[in-house]
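Everything on this sheet refers to the single structure shown next.
In full-length UniProt numbering, the protein residues as written are 1 to 349.
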């Protein structure tokens with residue numbers, strides 16, 4: 001009997017979790033206007049993808065707006081925020097984890113950031129990448145599911161093209177987001193220290209960067225450099241956001257790098273230049289990122305209101321995969337799913 005139990009235990013697959021990642025989420029601006037004007041449910045934007053997002057063990061998004069009705073606009077071109085009650089959209093969408101390390105989280109000053117942290121904490125949505133101090137902003141969000149422990153770290157870094165005001169970045173006791181204004185070497189030092197410290201506590205460390213050039217499907221050289229550096233320092237995967245369009249997926253030393261997934265539920269742009277988006281599902285055991293799967297989608301279930309994504313099928317799914325495969329050709333390696341993709345029919349958007 002003991003031998004039989006031992007045999008069954010040895011044959012059991014190792015525990016694993018699914019980590020699902022989407023493109024950018026902004027619930028203020030046009031999204032807030034639409035759901036209010038049309039008396040839609042606050043979670044309307046996630047309606048067509050909710051069955052998938054709620055099924056994941058961890059659904060992770062880049063939250064690109066503070067939840068606040070306080071604070072003063074900081075000086076910049078675009079300032080986003082959402083009514084505090086719109087945190088219920090994240091709940092309706094099954095969001096478990098949110099990166100706050102982006103260029104809009106401090107759009108309404110420290111008050112907006114503090115209100116966001118309070119709203120997420122109250123609703124038990126794990127967050128990372130921003131804080132009341134630099135130390136808090138750099139603190140990893142550690143989540144354990146099915147015996148697998150993962151740490152998420154978040155950073156904002158745009159290199160020499162950073163035009164954001166200095167108060168976006170946390171420094172010492174100044175609230176803000178983790179990252180560095182424009183010094184790549186300083187960014188690397190922070191990244192190395194944070195990954196190595198987090199690695200002592202968890203099975204996997206996953207940094208989530210807000211980086212790159214808006215509208216550009218090819219990562220900037222510093223994105224590739226930071227991604228490779230993070231993996232060399234011990235990261236199991238690297239995630240990215242900010243370009244508002246898809247960028248390729250690389251595999252570096254066996255670890256996936258998801259450079260950008262475009263827009264998802266994004267109320268910040270009424271006329272996005274590309275409606276293609278995707279979710280990426282990572283299956284993770286205690287010892288490895290086992291599989292990486294792209295789930296094709298589009299951000300405009302209603303073209304006149306491009307803030308409700310839907311899962312793509314048929315030729316439209318092929319178009320997303322073909323686009324991602326094309327964007328990934330410049331890397332030495334990509335994920336198996338993107339290696340033998342057939343081109344879509346001519347004219348498929």
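The beta carbon of each residue, even a glycine, is placed where N, CA and C say it ideally should be.
Spell out the partners DSSP gives residue i in its beta bridges.
i: residue 296; result: 278
i: residue 324; result: Answer by DSSP bridge pairing: none, since residue 324 is not bridged.
i: residue 285; result: 16
i: residue 177; result: 130, 169
i: residue 291; result: 283
i: residue 305; result: 302
So residue i is in the alpha helix (DSSP H); what residue range does that whole segment cover?
i: residue 335; result: Counting along the chain, residue 335 falls outside any alpha helix (DSSP H), and DSSP gives it neither H nor E.
i: residue 185; result: 184-199
If I'm right that residue i touches residue j with Cβ under 8 Å, what's the distance once you round it to whole angstroms?
i: residue 61; j: residue 264; result: 7 Å
i: residue 82; j: residue 28; result: 3 Å
i: residue 167; j: residue 106; result: 6 Å
i: residue 87; j: residue 59; result: 15 Å between Cβ atoms; not a contact.
i: residue 18; j: residue 56; result: 5 Å
i: residue 333; j: residue 311; result: Going by Cβ atoms, the distance from residue 333 to residue 311 rounds to 27 Å, so no, they are not a contact pair.
i: residue 344; j: residue 315; result: 5 Å
i: residue 67; j: residue 119; result: 4 Å
i: residue 285; j: residue 84; result: Going by Cβ atoms, the distance from residue 285 to residue 84 rounds to 38 Å, so no, they are not a contact pair.
i: residue 266; j: residue 307; result: 6 Å
i: residue 299; j: residue 248; result: About 19 Å; that fails the 8 Å criterion.
i: residue 293; j: residue 337; result: 6 Å
i: residue 20; j: residue 281; result: 5 Å
i: residue 133; j: residue 170; result: 7 Å
i: residue 242; j: residue 215; result: Contact flag wrong, Cβ pair sits at about 10 Å.
i: residue 42; j: residue 49; result: Wrong, their Cβ atoms sit about 15 Å apart, outside the cutoff.
i: residue 244; j: residue 24; result: 7 Å
i: residue 209; j: residue 155; result: 5 Å
i: residue 12; j: residue 46; result: With 8 Å as the limit, residue 12 and residue 46 do not qualify as a contact, their Cβ atoms being about 34 Å apart.
Please confirm whether residue i has its beta-carbon closer than 8 Å to some beta-carbon of chain B.
i: residue 104; result: Protein chains in the displayed structure number just one, and chain B is not present.
In the DSSP assignment, find the unbroken beta strand (DSSP E) run with residue i in it and report its ends.
i: residue 207; result: 204-210
**Message:** Does the contact criterion of 3 or more C-beta pairs under 8 Å hold for the stretch 269-286 versus the stretch 173-188?
**Reply:** no
**Prompt:** Going along the chain, which unbroken runs of the beta strand (DSSP E) with 3 or more residues stay wholly within the stretch 70-106?
**Reply:** 97-99
**Prompt:** Of all the alpha helix (DSSP H) runs that stay within the bounds of the stretch 18-67, which reach a length of 4 or more residues?
**Reply:** 29-37, 50-55
**Request:** Evaluate contact between the stretch 232-240 and the stretch 202-219, counting only Cβ atoms and requiring at least three cross-stretch pairs below 8 Å.
**Result:** yes
**Request:** Examine the Cβ distances between the stretch 75-87 and the stretch 140-152 and report whether three or more of them are shorter than 8 Å.
**Result:** no
**Stretch pair the stretch 193-203 + the stretch 92-110: three plus CB contacts closer than 8 Å** = no
**Request:** Write down every uninterrupted run of the beta strand (DSSP E) in the stretch 212-265 whose length is 3 residues or greater and which is fully enclosed by it, in chain order.
**Result:** 238-241, 249-252, 255-258
**Prompt:** Which full runs of the beta strand (DSSP E) of 3+ residues lie inside the stretch 94-167, going along the chain?
**Reply:** 97-99, 126-128, 141-145, 148-156
**Asked** With contact counted as at least three CB pairs below 8 Å, one residue from each stretch, are the stretch 317-324 and the stretch 60-74 in contact?
**Response** no
**Prompt:** Can you find at least 3 beta carbon pairs, one from the stretch 247-258 and one from the stretch 175-184, that sit closer than 8 Å?
**Reply:** no
**Item:** Three CB pairs or more closer than 8 Å across the stretch 213-230 and the stretch 147-162
**Value:** yes
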